[in-house]
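A quick write-up on the structure given underneath.
Residue numbers (UniProt numbering), protein chains in the order written: chain Z, 1 to 270; chain Y, 1 to 270; chain U, 1 to 270; chain D, 1 to 270; chain R, 1 to 270; chain B, 1 to 270.
What follows is the structure in structure tokens.
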């Protein structure tokens, strides 16, 4: 593949992503979208939130602008800034302003990681005003009809310092995500990694064992994504036990005793 | 709707917003306004403070400039800054200076979230001097006669670190807001979401149950805004129990047991 | 009133402000001024410090440059900075440098809120050197003969972190302010708000009750300013009990029980 | 050697580095590389992680771009920034963007030391999207097929504040490194430092003694790198006991009693 | 006096300042100066350190460059920086560099308040190298022969966080200052304020009483400077008790009981 | 001496500095230098580390670039930055880059005081890669053959926050310094200050007494440097007891009781 540079708002999902609905999330998202209500996705890492957003972007035929939030992300990063180019000062829209203008889906991943001013810049977009104040320009922009704001976070990680304020939460329709059921997950792993279904089933069984250790030594169990990793290593000829050790156990934890325990679980499966 | 860009001070509320007075807030606000006294609004999220400001802006026929305050908001953000454009340095008024010049209503939402210098920049505007010092320009501007300063905050959230100082508070006339009475609220929900009045009444009943849980597991009860969200989802064909779960329960809390409890409450109503 | 923009050092108080001396503060201030000694004003919010400064500026016929200090106020903000305008770099004097050059009265309100470098920049101005170092220009400027430095703070608020250092305090003549006696205060409230004297007297009586609650549930009692607010609301036709609730009680505190208690006090007076 | 300046992405490892595989790390790395899976290396300092990366870069014939992470490393440092040169603003790609465009191996050493925004900028590169958002340019770049992301950290050092989040970890295949077995290590030390094999064997024996003191007074035992240092000093004519004191004991700890203890260990060996 | 602007290094003390040596400080300072040894002055606020420096500058006929240190003072502030003026970038020497080049006495007042990088920038000036590294210019400047570095601090204020490191202290000859003996101090107060000697003597007696309260309610006793203030107020016609209250007691403390106690002391004297 | 400005990398030590080896430090330093191994100097302030570096620079005939590290020293300060001069942007190498290009000895004094990114920027210079990444230029520079990296710190001062990480320490050959033996030290003091040998011997005896008080009231004992100071004051005619008080005791501590105790020690010697 050649190097490919896209404008942020040109990221359309061209082909239908593989997504298997777990509950009524597709219907509720569409209803919220039609009513101009913003959406909040909650759930553990690697359970399919990103894939769901790619799927909804494809289904609604809108560009998808994803921003991974972090400790240093400010409102300016989202809205835009003046840059000096060749002696001229040019305004460069940030990803949120691009989404507002282009009628895109703006997906702010792990919103609680961002600085507090980002929460506040989305407030007027997340109620019936649907406007984005651009204070550096002294302007307000009204969102395109097709614009959709979606945010996500993982409730399992929240601390008191990094919590969603009620004045933010109470602006969103909230969808909860979790790992898929085992048959569904087996299908996903087989399809994504190329392993045989019965190997995928063993990986899913092993994942379930690690998820039961959550809170008893593991911070999280193995995500669907890790199962796909292990599957790919197996397809490339790595021994399944080594694939589970390097693709799953070592990725989950650094605790030597937990790694031994998790490796024993994988040996019992393979 | 096409993308629409307005100058900040051109935001007039064109049509009378739906607003149902709860107490004497409209009369007191008008008296304060006529006497050039600044106003402080107190109350929980989603109970109608923003709508009240839109209503007063319409009633007084003044532009409304809203600033959502946050941890990183500085006096410079409110007053203005020099920007370099095309080799020339241009001064760009901030939203507070725009309001002072245009005789607008400046509404600083959740003022206690802002940095401390913002408190202080409003002091000379909030007493009988009614001037705004613009230190970067070495100037003072006297406020237009029609200028009005309004701030809000939610006393329920305040910590010791984020409190309004007495030297700030004692410059304002203060109005307390709360959720409307149930008949009023039923009318609001029906009107705003389009659900039938008896469905609206059930939603209001359910909201009351969640408000009773405040301090016993919930940080806040469901706001009027969330009831409108659930109503819109119901009108779009989502099952009321699902609408309450995604539009209200999941938006209120992440605690799995509280979500079950709140869902049981909604099931008992629908 | 049309919008009016003044240079900072052109702010002369044109008409004699209403000010009723409480003790020997006018005489001592004048003696300090004649001896080139800087002055420190101490006292609670809203008791008349700002009005006193306006009065002295009028009496001494000097411009008054007020700076409300805050957490982010730096020496640069006071002294001045280089700004780029049209390709040229221009030095812009800060308010303290303007006062030093113009022989104005510089009033630094709530000085302890400012950053520590501001304390230090005033040290050579606050002893017999009377010079202002402008380090960014590599210059010293000697203060005009008529220049006067005044600072204020509220000792009731001070924490260990925000205290005036001995090396700062021991450069000032210090004047303590407090609420005026009740007859004086009744006269002030009647005159400033337009209420009848006996209504003003009731407001003053009510204020005294709230001041007795200081330290027993209230952080501060009602200031003279708040009484003027309530008086203005009454003159505008608001019921006195409502005027006391919104103009005083809600402005003083957020504690529901204290608000009820304070409202009962106002009901007992009106 | 003359001073030699290279563009970051021109750093090819020209000659095969000496690397002795300890386990299946070469095979697993290659399988991960072929499957576009990013890799995480874990292990103590000086055990060969950097050498392993040089070896894999040589083996895969890709340029190697190493970034040593630290407390102040931001996403901007990795992605790039605008710089003003001769009146023109030029974009300068950071090392991560250079690697993405050049199809290089990007090795982020001690990733947990970096600021949190760096974690997040690698997320879309570390799942099947393989894109790098360049928010300052409003662009996304798709990674060259040959691009490979590798990160490392030392689990022994991690504190709660500096930990890899599950949403980061669960994107990587993880390889654990440790000191090589004694025969292997003896060979490495002899080859790298030029000491005779039996001197190398004594150094390795001494290193093992210090590694047993880990957690009993030493934070870490002597790394292979320190053994090579001591060997080189010995070859230069320094007495082995002095070489062990200055090349190993003093480099390991400042505790006077531990230094004496470690020196006694080296005297027992030499 | 007209406004007078001087270059920093042009500040010569023209007339002999009134200074009464307390011990051997003048001789030791001169010996240190002749040997190129830097000097550290220790002592409480207002006891004459600044006056001593003015006296030595006059005696040695060198310009005196004083920098009052504070929390935000950085090495850049002392050494210099590039400024853009009229499209050209100009280097502006900071006060320390000006002193180094001009052979001035550089007096860093309350050095421990400054940021840590300032300590370090003076290290190579404070040993026998006597050079100032200017890292932004990639240069070293050797100090003029007449250059002299003096720093001061008040040991009574030091906290663990703001202490002089041994690597700094052990570069200086250290002189300790304290209040002058009572006869000396009476002479100083009479001379500086113009009060009659017996009034000056009473002020000195009163000061001694406050100094005995140090540590028993007062942070510091009254400095000689405050006595001069009170003397000047008395000469201007203010009653001595009022002069002591506003010029001394209120300047020393905010504690209401201590102010009463100190006022009683002054009443017992006058 | 006229003011003399040198480029940083032109600082050659022209005349042999007086240095008396204490142990095998010269031999080990030379062996490390020949093997391209970086060196770490440990020891208390004023014991001769700086003089040792001047001596080695003279001996090896290399320029010596010293950087005194501090809390605000960043990698950018060491590596270099773009500066705008006359409309053109020029790259200015920092002292570390100058040393790398010029084959100088770079001495980073008190390295643990610097910000963490400085540690990391020296890592690739401190192993067998010997390259300096200049991320702002997108370049790597290979060190000149003669380049030598030396760092120092004082283990006695280290806190948990300011410690050398194992991944840094384990790249260096480490030399420990301490005060010289008494005969050696007597010779140094006599030679450097010009006092007669028997006065120097008394100063050294006195220093030993203060060093015994380390940890029993004194943070450090008197360094050799302080003895030279006192000697110089004595040669200038200051009484030895006064010279010890101002040149040593007051420089060591602020504790009044310790100063008395130390003064008694000096009186017992002179």
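In this text, a Cβ means the ideal position worked out from N, Cα and C, and glycines have one as well.
Asked	Found
Give a yes or no on whether the C-beta atoms belonging to residue 96 (chain U) and residue 79 (chain U) are separated by under 8 Å.	yes
For residue 129 (chain Z), name the three-state secondary structure that DSSP assigns.	coil
Interface residues of chain D around residue 124 (chain B) at Cβ under 8 Å?	66 and 68
With C-beta atoms as the reference, is residue 202 (chain R) less than 8 Å away from residue 270 (chain R)?	yes
Does chain R have any CB closer than 8 Å to the CB of residue 77 (chain B)?	yes
Does the beta carbon of residue 24 (chain U) sit closer than 8 Å to a beta carbon anywhere in chain R?	yes
Is it buried or exposed, residue 246 (chain Z), if we count other Cβ atoms within 10 angstroms and call 16 or more buried?	buried
I believe residue 49 (chain U) touches residue 177 (chain U) by the beta-carbon criterion, under 8 Å. Please report the beta-carbon distance rounded to the nearest angstrom.	6 Å
With a cut-off of 8 Å, do at least 3 Cβ pairs link the segment 128-145 of chain U to the segment 164-179 of chain U?	no
For residue 169 (chain U), which option in U:126, U:61, U:265 and U:229 has the closest C-alpha, if you only look at C-alpha atoms?	U:126
Straight-line CA distance for residue 2 (chain Y) to residue 120 (chain D)?	Confidence is the limiting factor: at residue 2 (chain Y) the pLDDT is only 40, short of 50, which leaves the residue's position unreliable, though a coordinate-based value still follows. Computed Cα separation, rounded: 34 Å.
Roughly how many angstroms separate the alpha carbons of residue 231 (chain Y) and residue 186 (chain Y), rounded to a whole number?	11 Å
Check whether the Cβ atoms of residue 104 (chain R) and residue 62 (chain R) sit closer than 8 Å, and answer yes or no.	yes
Name the residue from D:166, D:25, D:227 and D:221 whose alpha carbon lies nearest to the alpha carbon of residue 194 (chain D).	D:227
If we ignore side chains and look at the alpha-carbon of each, how far apart do residue 116 (chain D) and residue 214 (chain D) end up?	30 Å
Would residue 74 (chain R) pass as an interface residue toward chain U - the criterion being a Cβ-Cβ separation below 8 Å?	no
Would a check of beta-carbon distances place residue 105 (chain U) closer than 8 Å to chain Y?	no
Going along the chain, which residues of its own chain have a beta-carbon closer than 7 Å to the beta-carbon of residue 259 (chain Y), five neighbours each way excluded?	249, 250 and 253
Please list the partners that residue 178 (chain Y) has in chain U, where partner means a Cβ-to-Cβ separation under 9 Å.	The contacting residues do not exist; residue 178 (chain Y) stays about 11 Å from chain U at best.
Determine the chain Y residues that contact residue 216 (chain Z) at a beta-carbon separation under 7 Å, and present them in chain order.	The premise fails here: residue 216 (chain Z) is roughly 17 Å from chain Y at the closest Cβ pair, so nothing lies under 7 Å.
Tell whether a beta-carbon distance below 8 Å holds between residue 216 (chain D) and residue 47 (chain D).	no
Since residue 242 (chain Y) is in the alpha helix (DSSP H), which residue starts that stretch and which ends it?	240-244
Given residue 55 (chain D), which residues of its chain have a CB within under 6 Å of its CB, disregarding the five upstream and five downstream residues?	17 and 19
Which of the three DSSP states is assigned to residue 196 (chain U) in this structure?	coil
Using a Cβ cut-off of 9 Å, pull out every chain D residue sitting near residue 212 (chain B), in sequence order please.	What residue 212 (chain B) touches in chain D: nothing, since even the nearest Cβ is about 17 Å away.
Does residue 274 (chain Z) have its Cβ less than 8 Å from a Cβ in chain Y?	A query on residue 274 (chain Z) cannot be resolved here, the shown segment of chain Z reaching from 1 to 270 and no further.
Which of helix, strand or coil does DSSP assign to residue 62 (chain R)?	coil
Among U:58, U:132 and U:32, which one has its Cα closest to the Cα of residue 238 (chain R)?	U:32
Using a Cβ-based criterion (distance less than 7 Å to any ligand heavy atom), does residue 132 (chain D) qualify as near the ligand ADP?	The ligand ADP is not part of this structure, which contains no ligands at all.
What are the residues that DSSP puts in a beta bridge with residue 218 (chain B)?	B:214
Check for me: the beta strand (DSSP E) holding residue 73 (chain D) runs from which residue to which?	Unbroken run through residue 73 (chain D): none, as it is neither H nor E.
Excluding the 5 residues flanking residue 25 (chain B) on each side, which residues of the same chain have their C-beta closer than 6 Å to its C-beta?	175
Kindly list, in the order they appear in chain Z, the residues whose Cβ is closer than 8 Å to that of residue 98 (chain Y).	138
Here's the rule: buried if 16 or more other CB atoms are within 10 angstroms of the residue's CB, otherwise exposed. What is residue 42 (chain R)?	buried
Looking only at its chain, what residues have a beta carbon closer than 7 Å to the beta carbon of residue 268 (chain Z), apart from the 5 residues adjacent to it on each side?	none
According to DSSP, residue 4 (chain Y) sits in a beta bridge with which residue or residues?	Z:142
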